[in-house]
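Residue numbers (my numbering), protein chains in the order written: chain Y, 4 to 356; chain U, 3 to 263.
From the three backbone atoms N, C-alpha and C, an ideal C-beta is built for every residue, glycine too.
This report concerns only the one structure given below.
Given below as C-alpha cells:
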C-alpha cells in the first residue's frame, strides 16, 4: 500500500536548493587545487614519517593493536569503495523506476523478489536506508521496504563474495547466512504486511526528510550527483569502518584469550556474545566477514552465523539511521524479532550442524 | 559551528583520502603484504585509484556549505535524536576529530610493522586446524624433505610421527623467536604467522627449538634461521613431544614477506 501524501511534497524543496549552485560553479579550479593540496600534504606526511625506528618505542601489544586495526581498514576499504561505486551506478545512472516497474503485482511474490533486489543493488546497510526511503516514495509499501532493508545487506554480491573469501564454502557459514537473511527478512515483511495501518509505523518527520534526501543533488547533473552521493556514503561509512576496525583490534589484543576461548566454546554464550558484539561494533555487512574472521578459530560457527545475520539488520548505527524513518516502537519490535530469529539460527547451527 | 559543518561534510572524504594515500604508499613501497593476502593487491590498488579520483572530484563538484546537514553521518547519527542540543553536536564534532586524528596517526605516521609475540600469546600456536590440513601430512612421510617448508614440518609433527621416521632428517626454517609457554627457559619456537585473508586472521605456527639459555643470545621477536634434526624433547616440563635440536641458529633480518599463506 503506497504511503500517502509523500508524493505531493516531492516537488516543493527543489527551488530552495537551486540558488546556492552558481556559487559552487564559480571555483572548480580552486576546489581542485585544494583537493590536490590535501592529497599532497597527506602523502608528504606519510613519506616523511620516521621509518622502522619509531616502532620500538611502542609496546608490542600497542603495536599489534595498530597493525590489526590497519589490516581491517586496508582489507575493507576496496570493498567499501566498490559498494559505493555500484550504488552510485544503480541510484543515479539507471533510469527512474527501472527496477520497480518490473515487480510482480502479487504481494506474496513481490516480497521474495524484493529481498533479492539486493543482488542488483549491492549497497551495504547504511546505504540501504536512503535507498529504501526513496523506494517508499516511489510506491513501495512499508512492509515491502522492510523486507528489502533487511535482506539487501546480506543477499548482496559484495557481501556474499567477502563472506566466501573469509570462510569458504565448506563450513555452512555462508549458506546459513544467505538462507537465514532471506527467511528473516521475508518473515518480517509478512508480519508487517498484516498491519492494519502501516503508515503509523513511520515517523512524521520521514516525509520532509525524505523529500530533502531526494533533492539534495537534483539540480546538479548526473556526475555532480554521483560525486555528492560519494561524499554522503563515505560520510556515513568511513567513520563507522574506522571505529569498527579500532574495536576489532582492541578486542584481539585486550581481551585475554582464555576469556574468548571459554565464551567461544559455549554453544549458547558464544551466540549471545557475538550478537552483542555485532550490535555494538556496527561494521558494514560488506566487510563484517573480515572483521569476524579472527574469531573463527575460537568461536563456534553458529555464533559466527548469528553475528553475520544479526549485524547487517540491527546495530547501533542502523537504529540511528532507521530512527529517521520508523517510530521507536516499531524499531523495538523489529529488534526483538530479528534478535530472536538470529539467536535461533545460531543455536541451530551450533547444535545441528 | 563552521568547523562542525565542514567536518560533517568532509569527514568521509578525508578518511577516504587517508585510506587511499596509505594504501597506495604501501603498494608502491611493496609493503601491502604486511596487512593483506597478495591475491587482493590488484583489486585494492584499482579501487584506491577510483576512490582517489572520486574524492578529488568531490572538491571540484560538491558545493560546500550549502544545504541541510545530512542526518545520516555516523557521528551525526548519535546526535540526531537531540538535534537541537549543541552539546551533543560538539561531542559529535570532537568524536569526528578524534577519528580523523587516529586515522592519520595509525595509517600515515606510525611505521608499518608485522605482528609480534604479543599476538602469539593471544592465539593458539599451531592450534588452528584450518591452517594445517591433515590430509597433506599423510603424503609428507615419504616426500623429499629437503624441500619442506615450515608448514610441512609442523604438519608432519602434528601427525604424530615417531622419532624414527624423522631420524637423519635436517630441517632449515626461518621464523621469529617466541618463548614456549610450558618451558620458556629451554625451548623457544621459530614462528611465522599464516594469513588467509588479512593480518587480523593471522594464525601463528612454529617449530619448537631446544636451546637452553636461548634468552641470552636471542631477543623475543627477532628473526632467526634454525637448522637441525628432531628428537624427543629433553625438557622435563615442556609440552612438546618432539623438538628441533639445532646444529646452528643464525640471526637474520626480517624477511620481505614475513607471513606465509
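query                                                                                                                                                        : result
Can the beta-carbon of residue 149 (chain Y) be found closer than 7 Å to that of residue 191 (chain Y)?                                                      : yes
Report the neighbours of residue 75 (chain Y) on chain U: residues whose CB is nearer than 8 Å to its CB, in chain order.                                    : 200, 202
Taking the alpha carbon of residue 196 (chain Y) as the point to measure from, which residue in Y:110, Y:257, Y:157, Y:243 has its own alpha carbon closest? : Y:110
Could you please give the first and the last residue of the uninterrupted beta strand (DSSP E) stretch that includes residue 246 (chain U)?                  : 244-253
Quick check: is the beta carbon of residue 121 (chain U) nearer than 7 Å to any beta carbon in chain Y?                                                      : yes
Alpha helix (DSSP H) containing residue 283 (chain Y): first to last residue?                                                                                : 270-284
Give the range of the beta strand (DSSP E) segment to which residue 87 (chain Y) is assigned.                                                                : Here residue 87 (chain Y) belongs to no beta strand (DSSP E); instead the alpha helix (DSSP H) covers 63-91.
So, helix, strand or coil for residue 224 (chain U), using DSSP?                                                                                             : coil
Are the Cβ atoms of residue 254 (chain U) and residue 225 (chain U) separated by less than 7 Å?                                                              : yes
Report the neighbours of residue 78 (chain Y) on chain U: residues whose CB is nearer than 9 Å to its CB, in chain order.                                    : 37, 38, 39, 42, 46, 199, 200, 201, 202
Taking the C-alpha atoms as reference points, what is the distance between residue 189 (chain U) and residue 296 (chain Y)?                                  : 31 Å
Taking 7 Å as the CB-CB limit, is residue 76 (chain U) close to chain Y?                                                                                     : Residue placement at residue 76 (chain U) is flagged as unreliable, the pLDDT there being 41, under the threshold of 50; the coordinate-derived value follows with that caveat. Closer than 7 Å to some Cβ of chain Y, the Cβ of residue 76 (chain U) qualifies, so yes.
Using Cβ-Cβ distances below 7 Å, what residues of the stretch 61-72 of chain Y are close to chain U?                                                         : 63, 64, 66, 67, 69, 70, 71, 72
Do three or more CB pairs link the stretch 109-128 of chain U to the stretch 39-48 of chain U at distances below 8 Å?                                        : no
Work out the CA separation of residue 133 (chain Y) and residue 312 (chain Y) for me, nearest whole Å.                                                       : 21 Å
For residue 27 (chain U), decide whether its Cβ has a neighbour in chain Y, counting only Cβ atoms nearer than 7 Å.                                          : yes
With 9 Å as the C-beta to C-beta threshold (strictly closer), list the residues of the stretch 36-47 of chain Y near chain U in chain order.                 : 36, 37, 38, 39, 41, 42, 45, 46
Quick one: what does DSSP say residue 200 (chain U) is sitting in, helix, strand or coil?                                                                    : strand
Got a sec: is the Cβ-Cβ distance from residue 242 (chain Y) to anything in chain U below 7 Å?                                                                : yes
Between residue 265 (chain Y) and residue 97 (chain Y), what straight-line distance do the alpha-carbon atoms span, to the nearest angstrom?                 : 50 Å
So the candidates are U:147, U:119, U:174; which of them puts its Cα closest to the Cα of residue 228 (chain U)?                                             : U:174
Which same chain residues, not among the five before or five after residue 316 (chain Y), have their C-beta less than 6 Å away from its C-beta?              : 153, 341
Does residue 49 (chain Y) have its Cβ less than 7 Å from a Cβ in chain U?                                                                                    : yes
With H, G and I counted as helix, E and B as strand and the rest as coil, what does DSSP make of residue 176 (chain Y)?                                      : helix
Exposed or buried, what is residue 167 (chain Y) when buried is set at 16 or more other beta-carbons lying within 10 Å of its beta-carbon?                   : exposed
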